[in-house]
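So the structure is just underneath, and the comments pick up after that.
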Amino acid sequence: MDRRTLVKYLAGASAAGALAGCISTEDPDDDGNGGNGGNGGDDDSQEYEEDEDWPTVEPEGVSGNAEIWHSLSEGEQADFEGNIDQFNGDYDVTVSADEIAELEEQITASIPAGEGPEMHMWAHDWAGRDYEAGFLSDQSDRLRIDLEEYFVPGAVDAAQYDGATIGLPHAAETVGLIYNKDYVDEPPETFEEMQEIMDEHHDPAEGTYGLSYPLDPYFYSAWVHGFGGYYYDDDSGELGLTNEESIRGFEFIKEELFEPYMAADYEYDAQASVFLEGNAPFAFNGPWFVGDVTDFEVGTAPWPEVNGHTPSPYSGFQLMYFTSEMDEDEERADAAVAFAEWYTSNTAIVSQMADQHGFIPVHNAFVEDDDEADELPDAVQGFAGAVEQGIPMPASPEMNQVWEPTEDEFIAYLTDSKSIEDAMEDAEARIRDAWD
1066 MDRRTLVKYL AGASAAGALA GCISTEDPDD DGNGGNGGNG GDDDSQEYEE DEDWPTVEPE
1126 GVSGNAEIWH SLSEGEQADF EGNIDQFNGD YDVTVSADEI AELEEQITAS IPAGEGPEMH
1186 MWAHDWAGRD YEAGFLSDQS DRLRIDLEEY FVPGAVDAAQ YDGATIGLPH AAETVGLIYN
1246 KDYVDEPPET FEEMQEIMDE HHDPAEGTYG LSYPLDPYFY SAWVHGFGGY YYDDDSGELG
1306 LTNEESIRGF EFIKEELFEP YMAADYEYDA QASVFLEGNA PFAFNGPWFV GDVTDFEVGT
1366 APWPEVNGHT PSPYSGFQLM YFTSEMDEDE ERADAAVAFA EWYTSNTAIV SQMADQHGFI
1426 PVHNAFVEDD DEADELPDAV QGFAGAVEQG IPMPASPEMN QVWEPTEDEF IAYLTDSKSI
1486 EDAMEDAEAR IRDAWD
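In short: position in the sequence shown from 1, add 1065, done, that's the numbering used here.
Below is the structure:
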């Protein structure tokens, strides 16, 4: 599945966190040998040092084996396995990692059969579905790490479901502002500043536009949330598509972005090509998109404020999930938790994965420590700011039925087939029918 297909899958099946870490910062001539937190890899690899003010949570009195499944890309996998080699060499715990094709299908089939791993890596929005299905294990009592001390609030929320700690977070992703440095010297902090630049470059007759912006519910969630609305409330289980605040957000997208500044085709490929071909100063897109830009230099930034309203995009958080296999063997559970705590608290690893693969840190060292934050690649810093603005995608299984009706009915409004009020009433009716 390519990046663009994955984005469409994301809107329909909530897989946003799968995209975390897709900013390519790898040397194309690199042979793929993985480093390991700054103490390994080949002789030419970048070294990363741990921040002494943020001690890594190391295993104490733990031995045994554990297994983790993942679907990392080739370069990400090399560095991940290098870090595992370091861990296995330094401690009495042995962790094995396996790349799994069709991870969701394998997890769903293997765990009920008692043949799954102790951990797997994926976005937090599987949490509710998998916990309620009995695929996950609450490891609150086994953890030594203080989640609130080490991780940003959104990541702490993502690692917990219904009072259970079902994993540890290690990266984030979201949509933010990307700008063409040939046209934009400094990113706008307000929408009014952004409008001035868009007005300057928007000329459809010449094939240029003010903005590139794929319009699906994940991408435009920022405006709905920014005006105080919401799609679905994870706590109450209520829909909010027809709320006055949500309606204002939907109207803003059409009236202030789509109609005045965008190409008529709102689909991903068409919108992406506008920016990639140098025909727009701005794009709203995610970390995976930056690596597609080859003909000019780009910058990234948080979302600009609109009349005192701060857009708040959905954010995805990558977890090391604790599976129910941990309930079957305490020694293996101890080993799995020990590795997860070591990996997610290790600032050298966080730096490595941000620098080499564009992973957006969720470790508080990179939020509270200006020196650590300044060491992040510029592209990562911009998206990190957008993550701070954002809110975690709902983890409840009911959210899976929200995406498609929201997208379909918003398009009906966008193309003048329905009023926004009628469209969102129809969306909510479809969602409730799906829930029933």
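Even for Gly, the Cβ is constructed at its ideal location relative to N, Cα and C.
Since we're looking at a predicted model, the values are computed, not measured.
Classify K1319: buried if its beta carbon has 16 or more other beta carbons within 10 angstroms, exposed otherwise. If you number the sequence shown from 1, residue 1319 lands on position 254. When all chains shown are included, K1319 counts as buried.
Is DSSP giving S1389 helix, strand or coil here? Sequence index remark: in the sequence shown, residue 1389 carries index 324 (1-based). Looking at S1389 - three-state DSSP - the assignment turns out to be helix.
Where do the N-terminal and C-terminal ends of the alpha helix (DSSP H) with W1368 fall, by residue? Along the sequence shown, read from residue 1 onward, the residue named residue 1368 stands at position 303. Here W1368 belongs to no alpha helix (DSSP H), and DSSP marks it neither H nor E.
I'd like to confirm the pairing. Which residues does DSSP put opposite Y1226 in its beta bridges? Locating residue 1226 in the sequence shown gives position 161, where the first residue counts as 1. According to DSSP, Y1226 bridges with A1229.
Under 7 Å between C-beta atoms of V1158 and A1400: If you number the sequence shown from 1, residue 1158 lands on position 93. If you number the sequence shown from 1, residue 1400 lands on position 335. Cβ distance < 7 Å, so V1158 and A1400 count as in contact.
Simplified DSSP state of Y1278, which is helix, strand or coil: Indexing the sequence shown from 1 puts residue 1278 at position 213. Residue state, collapsed to three classes: coil.
Close beta carbons around G1181, own chain, < 7 Å, minus the five adjacent residues each side: Along the sequence shown, one-based indexing puts residue 1181 at 116. Counting only Cβ-Cβ distances below 7 Å, and skipping sequence neighbours, we find I1172, S1175, T1388, E1390.
Rounded to whole angstroms, what's the CA-CA distance from I1496 to Q1466? Just pull it up for me. In the sequence shown, the residue the question calls residue 1496 occupies position 431. In the sequence shown, the residue the question calls residue 1466 occupies position 401. C-alpha separation (whole angstroms): 6 Å.
From what residue to what residue does the alpha helix (DSSP H) around N1153 run? Numbered from its first residue, the sequence shown carries residue 1153 at position 88. Segment 1139 to 1155, the alpha helix (DSSP H) holding N1153.
Backbone CA spacing between S1461 and D1247 [nearest angstrom]: Locating residue 1461 in the sequence shown gives position 396, where the first residue counts as 1. Locating residue 1247 in the sequence shown gives position 182, where the first residue counts as 1. Roughly 43 Å between the two C-alpha positions.
Consult DSSP for S1338 and reduce its assignment to one of helix, strand or coil. Counting from one through the sequence shown, the residue named residue 1338 turns up at place 273. Three-state result, S1338: helix.
G1199 classed as buried or exposed, judged by whether at least 16 other C-beta atoms fall within 10 angstroms: Looking up residue 1199 in the sequence shown gives position 134. Under this definition G1199 is an exposed residue.
Is it right to say A1348 is buried, meaning 16 or more other beta carbons lie within 10 angstroms of its own, or is it exposed? On the sequence shown, position 283 is the one that residue 1348 refers to. The residue is buried, with at least 16 neighbouring Cβ atoms inside 10 Å.
Reduced DSSP secondary structure (H/G/I, E/B, other) of D1330: Looking up residue 1330 in the sequence shown gives position 265. Note: D1330 maps to coil in three-state DSSP.
D1067, buried or exposed, once every other Cβ within 10 Å from all chains shown has been counted against 16: Locating residue 1067 in the sequence shown gives position 2, where the first residue counts as 1. Per-residue confidence for D1067 stands at a pLDDT of 34, beneath the threshold of 50, marking its modelled position as unreliable; no derived number is given.
Taking 8 Å as the threshold, find out whether the stretch 1367 to 1387 comes into contact with the stretch 1239 to 1256 through three or more Cβ pairs. yes
Using CA coordinates, which residue listed in N1350, Q1454, A1430, G1232 is at the minimum distance from N1411? Mapped onto the sequence shown, residue 1411 falls at position 346. Cα-wise, what sits closest to N1411 is A1430.
Buried or exposed: P1177, going by 16 or more other Cβ atoms within 10 Å of its Cβ? As a first step, residue 1177 must be located in the sequence shown, where it is residue number 112. Exposed, by the Cβ-count rule.
Could you tell me the distance, in whole angstroms, from the CA atom of A1166 to the CA atom of A1143? The sequence position of residue 1166 within the sequence shown is 101, counting from 1. The sequence position of residue 1143 within the sequence shown is 78, counting from 1. So the two alpha carbons sit approximately 16 Å from each other.
So for H1266, helix, strand or coil by DSSP? Position 201 of the sequence shown, counted from the first residue, corresponds to residue 1266. Of the three classes helix, strand and coil, the one that applies to H1266 here is helix, per DSSP.
Rounded separation between S1484 and A1492 - CA only: Taking the first residue of the sequence shown as position 1, residue 1484 is located at position 419. Taking the first residue of the sequence shown as position 1, residue 1492 is located at position 427. So the two alpha carbons sit approximately 12 Å from each other.
Using the beta-carbon count (16 or more within 10 Å), is R1209 buried or exposed? As a working note, residue 1209 is residue 144 in the sequence shown. Per the 10 Å Cβ criterion, exposed.
Within 7 Å, strictly: CB atoms of E1132 and S1161: Numbered from its first residue, the sequence shown carries residue 1132 at position 67. Numbered from its first residue, the sequence shown carries residue 1161 at position 96. Yes, the Cβ-Cβ distance between E1132 and S1161 is below 7 Å.
Touching by the beta-carbon criterion (3+ pairs, under 8 Å), the stretch 1258 to 1273 and the stretch 1443 to 1461: no
Three-state secondary structure assigned by DSSP to F1349: Against the sequence shown, residue 1349 aligns to sequence position 284. Strand, per DSSP.
Over what stretch of residues does the beta strand (DSSP E) that includes H1189 continue unbroken? Here residue 1189 is taken as the residue at index 124 of the sequence shown, counted from 1. H1189 -> no beta strand (DSSP E), and no H or E assigned at all.
Inter-residue spacing [alpha-carbon to alpha-carbon] between V1427 and T1365: Here residue 1427 refers to the residue found at position 362 of the sequence shown. Here residue 1365 refers to the residue found at position 300 of the sequence shown. Approximately 18 Å between the Cα atoms of the pair.
Of the residues D1487, S1482, E1463, the one placed nearest D1298, counting alpha carbons only: Numbered from its first residue, the sequence shown carries residue 1298 at position 233. The residue with the shortest Cα to Cα distance from D1298 is E1463.
Please report the distance separating the alpha-carbon of E1170 from that of A1335. Taking the first residue of the sequence shown as position 1, residue 1170 is located at position 105. Taking the first residue of the sequence shown as position 1, residue 1335 is located at position 270. Each residue's Cα considered, the two are about 31 Å apart.
Going by the DSSP bridge assignment, what does S1237 pair with across the sheet? Counted from its first residue, the sequence shown places residue 1237 at position 172. What sits at residue 1237 in the sequence shown is Ala, not Ser. Answer by DSSP bridge pairing, in chain order: F1382, I1425.
How many Å lie between Y1113 and V1452 at the Cα? One-based indexing of the sequence shown puts residue 1113 at position 48. One-based indexing of the sequence shown puts residue 1452 at position 387. Taking the straight line joining both Cα atoms gives about 24 Å.
With DSSP as the reference, please indicate the residues paired to G1129 in a beta bridge. Along the sequence shown, one-based indexing puts residue 1129 at 64. In the DSSP output, where bridge partners are listed per residue, G1129 has V1158.
Determine the contact status of H1189 and G1291, defining contact as a CB-CB distance below 7 Å. Counting from 1 along the sequence shown, the entry for residue 1189 is found at position 124. Counting from 1 along the sequence shown, the entry for residue 1291 is found at position 226. Not a contact, by the Cβ cut-off of 7 Å.
Quick check on I1210: does DSSP put it in helix, strand or coil? Translated into the one-based positions of the sequence shown, residue 1210 becomes position 145. Residue state, collapsed to three classes: coil.
Quick one: is S1416 buried, meaning 16 or more other Cβ sit within 10 Å of its Cβ, or exposed? Within the sequence shown, residue 1416 is the residue found at index 351, counting from 1. It is buried - the Cβ of S1416 has at least 16 other Cβ atoms within 10 Å.
Which whole-angstrom value is the C-beta distance of T1239 and F1475, which I expect to be below 8 Å? Along the sequence shown, read from residue 1 onward, the residue named residue 1239 stands at position 174. Along the sequence shown, read from residue 1 onward, the residue named residue 1475 stands at position 410. Not a contact, Cβ separation roughly 19 Å.
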